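**Q** Just so we're aligned, residue 0 is where the sequence shown starts under numbering that gives the first Met the number 0, counting upward by one.
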Amino acid sequence: MSIPVRHTARPLAGVLAWTLLSVSSAFAQNTEGMFVTVPNPITTEGVNRIKAYVNQRIDGNAPRRATTVVFDFNPDGKAAATTDFGACLSLQDYILGTVHRAGVNTVAFVHANTTAHTVLPVLACRELVMSGGASLGQITDDGPAPLVPPLNASKEDIYRETLAAVGRTGQVAVVRKMYDANVKLRKGIPKVPPLNPIFFDANDPAQLAKIAGGPNFAPIEGVQDGQIGFYATRYAKDLGLCKATAETRADVAELYGLPPSAHRDDPLEGRTPDVYRWVLKKDIDGSTRESLSHVIRDVRQKGGNVLILVINVGGNDLVTARNVADELRAAQTGEDKIKIIAFITELAPGAGTVVALGCSEIVMSKPKPDAMGDSKEAEIGDFSAYLKATRDADVAANLSSIRDLAKVQGYPELLIDGMFRSDIEILRVKPAGNNIANQRRFMTREEFDKNKAEWVEDKVVKPKGQLLKLNTTAAVEYGVARVSVEGTDAKAVTSAFGWPDAKSPDPGWLDKFSDFLRNPVVTVLLVVIGFTGLILELKVPGLTVPGIIAALCFLLVFWAHSKFSGQTFALALLLFLMGLVLVGMEIFVLPGFGACGIFGILCMLAGLGLVTLDKVPQTGGEWGKLGEKVSVYMFAMMGSFFLAFFLARFLPKLPGGNRLVLNTPSETGIPSDNLPGAGEAAELLGAIGTTNTPLRPAGMVKFGDKFVDVVSDGGFIPAGTRVQAIQVEGTRIVVKEV
Numbered sequence: 000m001s002i003p004v005r006h007t008a009r010p011l012a013g014v015l016a017w018t019l020l021s022v023s024s025a026f027a028q029n030t031e032g033m034f035v036t037v038p039n040p041i042t043t044e045g046v047n048r049i050k051a052y053v054n055q056r057i058d059g060n061a062p063r064r065a066t067t068v069v070f071d072f073n074p075d076g077k078a079a080a081t082t083d084f085g086a087c088l089s090l091q092d093y094i095l096g097t098v099h100r101a102g103v104n105t106v107a108f109v110h111a112n113t114t115a116h117t118v119l120p121v122l123a124c125r126e127l128v129m130s131g132g133a134s135l136g137q138i139t140d141d142g143p144a145p146l147v148p149p150l151n152a153s154k155e156d157i158y159r160e161t162l163a164a165v166g167r168t169g170q171v172a173v174v175r176k177m178y179d180a181n182v183k184l185r186k187g188i189p190k191v192p193p194l195n196p197i198f199f200d201a202n203d204p205a206q207l208a209k210i211a212g213g214p215n216f217a218p219i220e221g222v223q224d225g226q227i228g229f230y231a232t233r234y235a236k237d238l239g240l241c242k243a244t245a246e247t248r249a250d251v252a253e254l255y256g257l258p259p260s261a262h263r264d265d266p267l268e269g270r271t272p273d274v275y276r277w278v279l280k281k282d283i284d285g286s287t288r289e290s291l292s293h294v295i296r297d298v299r300q301k302g303g304n305v306l307i308l309v310i311n312v313g314g315n316d317l318v319t320a321r322n323v324a325d326e327l328r329a330a331q332t333g334e335d336k337i338k339i340i341a342f343i344t345e346l347a348p349g350a351g352t353v354v355a356l357g358c359s360e361i362v363m364s365k366p367k368p369d370a371m372g373d374s375k376e377a378e379i380g381d382f383s384a385y386l387k388a389t390r391d392a393d394v395a396a397n398l399s400s401i402r403d404l405a406k407v408q409g410y411p412e413l414l415i416d417g418m419f420r421s422d423i424e425i426l427r428v429k430p431a432g433n434n435i436a437n438q439r440r441f442m443t444r445e446e447f448d449k450n451k452a453e454w455v456e457d458k459v460v461k462p463k464g465q466l467l468k469l470n471t472t473a474a475v476e477y478g479v480a481r482v483s484v485e486g487t488d489a490k491a492v493t494s495a496f497g498w499p500d501a502k503s504p505d506p507g508w509l510d511k512f513s514d515f516l517r518n519p520v521v522t523v524l525l526v527v528i529g530f531t532g533l534i535l536e537l538k539v540p541g542l543t544v545p546g547i548i549a550a551l552c553f554l555l556v557f558w559a560h561s562k563f564s565g566q567t568f569a570l571a572l573l574l575f576l577m578g579l580v581l582v583g584m585e586i587f588v589l590p591g592f593g594a595c596g597i598f599g600i601l602c603m604l605a606g607l608g609l610v611t612l613d614k615v616p617q618t619g620g621e622w623g624k625l626g627e628k629v630s631v632y633m634f635a636m637m638g639s640f641f642l643a644f645f646l647a648r649f650l651p652k653l654p655g656g657n658r659l660v661l662n663t664p665s666e667t668g669i670p671s672d673n674l675p676g677a678g679e680a681a682e683l684l685g686a687i688g689t690t691n692t693p694l695r696p697a698g699m700v701k702f703g704d705k706f707v708d709v710v711s712d713g714g715f716i717p718a719g720t721r722v723q724a725i726q727v728e729g730t731r732i733v734v735k736e737v
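#1: I'd like the list of long-range same chain contacts for Gly59, defined as Cβ closer than 8 angstroms, with 5 residues on each side in sequence excluded.
#2: Is Ser153 near the ligand ADP, with its Cβ less than 7 angstroms from a heavy atom?
#3: Report the rounded CA-to-CA distance for Glu253 versus Gln226, giving the unit in angstroms.
#4: Helix or strand or just coil, what does DSSP make of Val147?
#5: Could you check what DSSP says for Ile41 in three-state terms: helix, strand or coil?
#6: So, for Val305: in the same chain, excluding its five sequence neighbours on each side, which residues have a beta-carbon less than 6 angstroms away from its beta-carbon?
#7: Can you give me the Cβ contacts of Glu126 inside the same chain, cut-off strictly under 6 angstroms, excluding the 5 residues immediately before and after it?
#8: Note the first and the last residue of the continuous alpha helix (DSSP H) segment covering Gly608.
#9: Between the C-alpha atoms of Gly486 and Val492, what's the straight-line distance to the nearest angstrom?
#10: Taking all protein chains shown into account, decide if Asn215 is buried (16 or more other Cβ within 10 angstroms of its Cβ) or exposed.
#11: Taking Cβ positions, are Gly417 and Lys461 nearer each other than 8 angstroms?
#12: Does DSSP classify Lys458 as helix, strand or coil?
#13: Could you have a look at Glu453 and say whether DSSP puts it in helix, strand or coil?
#14: Going by DSSP in three states, Met177 sits in which element: helix, strand or coil?
#15: Using only CA atoms, which one of Glu476, Leu308, Lys154, Cys124 lies nearest to Asn104?
#16: Name the DSSP beta bridge partners of Gly187, please?
#17: Can you give, in chain order, each stretch of the alpha helix (DSSP H) that sits fully within the segment 468-514 and has at least 4 residues?
#18: What is the residue span of the alpha helix (DSSP H) that Thr344 lies within?
#19: Which residue's Cα is closest to the Cα of Lys451: Lys458, Lys468, Ala681, Pro430?
#20: With a 10 Å radius around its C-beta and 16 neighbouring C-beta atoms as the bar for buried, classify Val459 as buried or exposed.
#21: Quick one: grab the DSSP three-state call for Asp250.
#22: For the alpha helix (DSSP H) that Arg288 lies in, which residues bound it at each end?
#23: So is Asp250 buried or exposed if we call it buried at 16+ other beta carbons inside 10 Å?
#24: Quick check on Gly738: does DSSP put it in helix, strand or coil?
#25: Could you name the residues that DSSP lists as bridge partners for Arg440?
#26: What residue from Pro411, Arg444, Phe419 has the CA that sits closest to Leu426's CA?
#27: Sort Gly478, His116, His293 by Cα distance to Thr42 and report the nearest one.
#28: Going by beta carbon distance, what residues of the same chain come within less than 8 angstroms of Lys628, once the five residues before and after it are set aside?
#29: What residues match up with Leu308 in a beta bridge as DSSP calls it?
#30: When DSSP labels each residue in this structure, what does Val103 get in the three-state scheme?
#31: Need the endpoints of the alpha helix (DSSP H) that Gln465 sits in, please.
#32: Relative to the alpha-carbon of Arg276, which residue among Leu574, Asn73, Lys301, Val394 has its alpha-carbon at the smallest distance?
#33: For Arg63, tell me which candidate among Glu682, Leu162, Arg481 has the shortest Cα-Cα distance.
What follows is the structure in structure tokens.
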């Protein structure tokens with residue numbers, strides 16, 4: 000039975016589209032490269048580390064095989080000079096041998112003065128990129144105490160053979176000038192084909208005889224006769240040594256079409272991957288920061304060096320998210336470095352995007368299309384909810400902060416602008432001339448219009464009037480995501496990188512307990528119990544256990560949130576304690592229950608609300624969030640009054656409950672007359688006296704010449720007031736104002 004074509008068209012189209020996208024995606028992801036920081040000085044140990052690191056990425060079976068390796072010879076932008084010829088020869092031999100035999104393009108990046116034998120491995124690379132302020136040369140010097148002595152014949156041969164191996168035979172005299180001041184460097188046309196200009200030593204009769212014209216050739220700009228060659232970038236380009244200029248590693252990555260994250264050193268550094276996985280389960284806040292800190296610590300303790308951070312959350316707290324990103328970046332440096340992969344399975348809006356930018360690399364999910372040809376890709380960069388809830392001044396500050404983060408991580412800052420601003424049009428452009436073929440750059444329409452002579456429009460990335468959001472395909476194409484994988488399981492990531500399966504770190508029972516206490520339901524329950532115990536302790540004579548329980552509950556609330564509330568914790572604790580003092584003053588010191596007590600309750604509620612926040616509220620949305628929390632705790636306190644009333648009334652009647660309360664004699668069944676002092680107290684029934692102290696509700700009254708402890712039958716009675724004893728139960732005397 001044949002199937003109508005109209006029913007198969009969409010699925011087939013979807014499969015075809017998926018196939019084409021897969022090919023396109025594979026092409027985009029195959030533009031792989033890596034940066035290698037060459038230590039200064041170059042040592043045998045350092046070369047061995049480089050070999051282990053690079054070998055993992057250039058192996059023919061590597062899942063993400065690097066086709067371009069950029070060697071950075073100036074760590075931290077500092078001058079480089081190595082006198083150990085053997086170590087430099089070892090690196091040169093590795094580049095010319097293992098790396099080039101693997102079919103990998105090699106690029107030397109020189110962005111500071113580079114001298115001595117460090118020049119040897121620089122020349123071994125197929126291409127040289129220099130920054131504007133860099134210089135290359137002075138393999139030896141002609142001073143009285145040279146850093147490197149004059150080269151012997153065998154070392155000169157090695158430099159010549161290095162140039163021949165990378166096709167730079169036309170620069171032999173240029174390089175010889177770097178260690179021999181007697182070279183008289185000139186430029187001329189050979190007498191025999193190919194008739195391309197070459198550089199030669201005019202003091203060498205054999206070379207001079209091969210050059211047409213002469214014998215007087217003009218000096219070369221930037222090269223001084225009688226001095227060791229030390230070529231600034233401008234002259235290195237004229238001499239054919241330098242192919243292009245770039246100021247930063249990110250610029251080099253752009254030149255060669257490498258993913259932006261490629262310019263950062265790999266924290267693994269050739270180590271065998273030991274992989275762990277952690278899932279962010281709620282919007283980014285202060286607890287995220289502390290939880291990740293514990294997870295990273297646990298991974299390190301277990302000897303792990305890779306963490307796959309599954310991100311499917313967002314949030315509008317970009318300040319906290321930036322702090323989390325900085326901590327993730329710190330974990331990728333120093334001792335016990337950890338490579339952190341952000342794995343976005345579905346959506347990572349707002350704060351989720353910021354956290355992802357702080358990771359070593361970003362991986363996004365791209366499931367296979369269903370039978371109807373639909374495929375729900377992951378998405379990054381949606382800040383629309385944040386922009387609606389935040390004032391312009393805060394937006395500008397956070398945009399600046401996130402642009403700085405993108406810059407240090409190597410991501411295009413203009414793409415971040417597009418996620419926040421709808422008023423700009425973003426283009427991807429390519430060089431108009433014969434530049435490096437893979438170079439692409441992002442520009443606004445206005446920038447492009449001013450530079451049309453140098454650039455050609457390649458694609459409209461974001462039209463004006465829209466905010467930029469990137470699905471998996473776009474994120475990979477624009478270099479934000481390094482890899483796309485099928486599915487949402489961490490195994491897809493480990494397979495893409497060729498790593499073993501990921502394990503789960505154990506944060507420990509104390510962290511699990513604090514996570515449990517931070518559950519909103521548990522926190523509210525602790526507040527209800529705490530207020531109930533506090534009310535019972537203040538209002539019902541004889542209770543002690545409720546006060547202990549109240550203190551314990553509030554202690555747990557503040558402890559559980561203290562690690563996550565950041566700058567607000569001290570303020571929250573002070574507000575709560577001040578509120579407690581004010582309520583106590585209202586009950587025991589000041590008459591009635593008025594402004595002092597109400598303000599005290601509000602302070603306690605504000606303290607509880609603030610301790611669950613990461614920072615002092617600034618925006619309208621943050622104040623609203625605080626108001627919601629205070630409202631919840633206010634209702635919890637109101638519930639506590641009813642619960643306290645119930646317990647005060649019925650607790651003594653519950654089995655075992657009477658052990659928690661000091662009951663009156665009538666409630667214990669002991670005859671009042673048998674209590675010490677009961678007879679004297681009974682004689683005062685109906686007597687009139689004057690309060691010697693305020694009754695709140697307990698205090699002292701003077702009956703005749705006797706001072707007696709009493710309680711009032713209701714509220715506060717000030718000192719000096721006439722009262723009458725209206726009830727006597729054993730030694731307990733109740734009075735009222737008359």
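Glycine residues also receive a C-beta, built at the ideal position from the N, C-alpha and C atoms.
The model shown is predicted, which means the values in this text are computed figures rather than measured ones.
**A** Working from what's here:
#1: Ala101
#2: What this structure holds is no ligand at all, so the ligand ADP is not there to describe.
#3: 36 angstroms
#4: coil
#5: coil
#6: Pro272, Val274, Lys338
#7: Val106, Lys242
#8: 594-610
#9: 9 angstroms
#10: exposed
#11: yes
#12: strand
#13: coil
#14: coil
#15: Cys124
#16: Ile197
#17: 471-476, 489-496
#18: It is not in any alpha helix (DSSP H) - Thr344 carries neither H nor E in the DSSP assignment.
#19: Pro430
#20: exposed
#21: helix
#22: 285-300
#23: buried
#24: Given that the chain is displayed from residue 0 to residue 737, the structure contains no residue 738 and the question cannot be resolved.
#25: Val428
#26: Arg444
#27: His116
#28: Leu607, Gly608, Thr611, Leu612
#29: Trp277, Ala341
#30: coil
#31: Per DSSP, Gln465 belongs to no alpha helix (DSSP H) and is neither H nor E.
#32: Lys301
#33: Arg481
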